[in-house]
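Data block below; observations after.
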Amino acid sequence: MEHKQEKAKGFAGLLFMLSVMTLYGVVFLLNEQLARDALDYAGKLLSRLAPVLALVFILFFLSNLLIRPAWVRTHVGQHSGLKGWTVALFGGMLSVGPVYPWYALLGDLREKGMRSGLSAVFLYSRAIKLPLLPVMIHYFGLAYTLVLVAYLLLFSLLNGMAIEKLLTR
Amino acid sequence: MFLGILPVIVGVILLTGLLIELLPADQVAGWFGHNNFLDALTGAVAGSISAGHPVSSYLLGGELLAKGVSLVAVTAFIVSWVTVGSIQLPAEGVLLGWRFALLRNLLCFLSSILVAVLTVATLGLAS
Chain A
32 MEHKQEKAKG
42 FAGLLFMLSV
52 MTLYGVVFLL
62 NEQLARDALD
72 YAGKLLSRLA
82 PVLALVFILF
92 FLSNLLIRPA
102 WVRTHVGQHS
112 GLKGWTVALF
122 GGMLSVGPVY
132 PWYALLGDLR
142 EKGMRSGLSA
152 VFLYSRAIKL
162 PLLPVMIHYF
172 GLAYTLVLVA
182 YLLLFSLLNG
192 MAIEKLLTR
Chain B
-9 MFLGILPVIV
1 GVILLTGLLI
11 ELLPADQVAG
21 WFGHNNFLDA
31 LTGAVAGSIS
41 AGHPVSSYLL
51 GGELLAKGVS
61 LVAVTAFIVS
71 WVTVGSIQLP
81 AEGVLLGWRF
91 ALLRNLLCFL
101 SSILVAVLTV
111 ATLGLAS
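In order, the protein sequence lines correspond to chains A and B.
The first sequence begins at 32 in this note's numbering and counts up one residue at a time.
The second sequence begins at -9 in this note's numbering and counts up one residue at a time.
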């Protein structure tokens, strides 16, 4: 069953990539320079992402090696309670790089029993970028940054709770 | 599993490149300048469809603020930039389930407006 699901995901992913490539083909025919610039930007982005992708690959490897469904159920599972919300909240804040590699890790953990609401908390709390707070303070001031971060923390939890309620309907 | 998601990651990166070229940052600045609610809504929409490093949203948000765009709109813009992932939606849908992805992004979009209003209101009360 799990193998079948992975195969379906792999096929959908391949289809998505081929669709984007087709779109590039169309853009190339309409505006060659735009397609070249976009491809150039994507190439630079990919090279910037390479370390993050390597990190996620290592986390994947370790996750599959060390994290067992029993551990996931205890820490971020249905009965993980306050600990689960805390792990998801701080996990999201400390996660680095673009979001899409993390979808895969969360998907993997969910298959092992992670609560869907905690995935939502993790993804929302990624909005709080600790290393970037000095930039935010520079542009918007300390008071603004503190208030915004407090609301982002609160809404991370509220979104997680709302998602869980809506998905269990 | 990781190798299985590589096509998704490559697809999203390619799509990001295309959208960044189609919607340059200075073009986004021209979308504001109506009233607070419309600006907040526009900010949330613009942030939702924008892509790139979050620091770009702070820089662009700072520039918009300097050009007279309201703080509510700028806040909605930078919050939705980091919480709503319309470009990443296909990847999120495939890997975490479409119902989850659509609901989460919708909630994040609405939250970005609410967070913006509450943040500015709180700052107004404090000053």
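Beta carbons: idealized from backbone N, C-alpha and C, even for Gly.
Given the structure is predicted, the values throughout are model-derived calculations rather than measurements.
- Using a Cβ-Cβ cut-off of 8 angstroms, A/Phe153 does not count as an interface residue toward chain B, since no Cβ of chain B sits closer than that to its own.
- Contact between A/Gly123 and A/Phe153 holds: CB atoms are separated by about 4 angstroms, below the 8 angstroms threshold.
- One finds Leu8 in chain B with Cβ atoms closer than 7 angstroms to the Cβ of A/Val58, taken in chain order.
- In the pairwise beta carbon analysis, the stretch 53 to 66 of chain B is classified as not touching the stretch 75 to 90 of chain B: fewer than three pairs are separated by under 8 angstroms.
- When A/Val107, A/Ser50, A/Val57 and A/Lys75 are compared, the shortest CA-CA separation from A/Gly148 is found for A/Val107.
- For A/Leu45, the C-beta contacts it makes with chain B under 7 angstroms involve Pro(-3), in order along the chain.
- For the stretch 183 to 196 of chain A, the residues whose beta carbon sits under 8 angstroms from a beta carbon of chain B are, in order, Leu183, Phe186, Leu189, Asn190, Ala193 and Ile194.
- C-alpha of B/Val84 to C-alpha of A/Thr53: approximately 19 angstroms in a straight line.
- DSSP places A/Thr117 inside the alpha helix (DSSP H), whose first and last residues are Gly112 to Leu125.
- With the rule of 3 Cβ pairs closer than 8 angstroms, the stretch -3 to 10 of chain B counts as touching the stretch 73 to 82 of chain A.
- The C-alpha of A/Leu184 lies about 6 angstroms from the C-alpha of A/Ser156.
- If only complete runs of 4 or more residues are kept, the stretch 49 to 110 of chain B shows the alpha helix (DSSP H) at 61 to 73 and 79 to 86, in order along the chain.
- Taking the C-beta atoms as reference points, A/Asn190 is found no nearer than 8 angstroms to B/Leu50.
- Shown here, A/Gln109 sits in coil according to DSSP, grouped into three states, outside any helix or strand.
- With respect to chain B, the C-beta atom of A/Ala135 has a partner C-beta closer than 8 angstroms.
- A/Ser126 is outside the set of residues whose beta carbon lies under 8 angstroms from a beta carbon in chain B.
- If you compare the alpha carbons of B/Gly75, B/Asn25, B/Leu115 and B/Gly33 with that of A/Ala151, the shortest gap goes to B/Gly75.
- For B/Phe27, the uninterrupted alpha helix (DSSP H) segment begins and ends at Asn26 to Ile39.
- For A/Lys143, there is no enclosing alpha helix (DSSP H), as DSSP marks it with neither H nor E.
- Where A/Ala158 is concerned, there is no enclosing alpha helix (DSSP H), because DSSP gives it neither an H nor an E.
- Judged by DSSP in its simplified three-state form, B/Phe22 adopts coil rather than helix or strand.
- In this chain, the alpha helix (DSSP H) harbouring A/Asn190 covers Leu173 to Leu198.
- A/Pro129 carries a coil assignment under DSSP once its states are collapsed to helix, strand and coil.
- The criterion of a C-beta distance shorter than 8 angstroms is satisfied by B/Leu4 and A/Tyr55.
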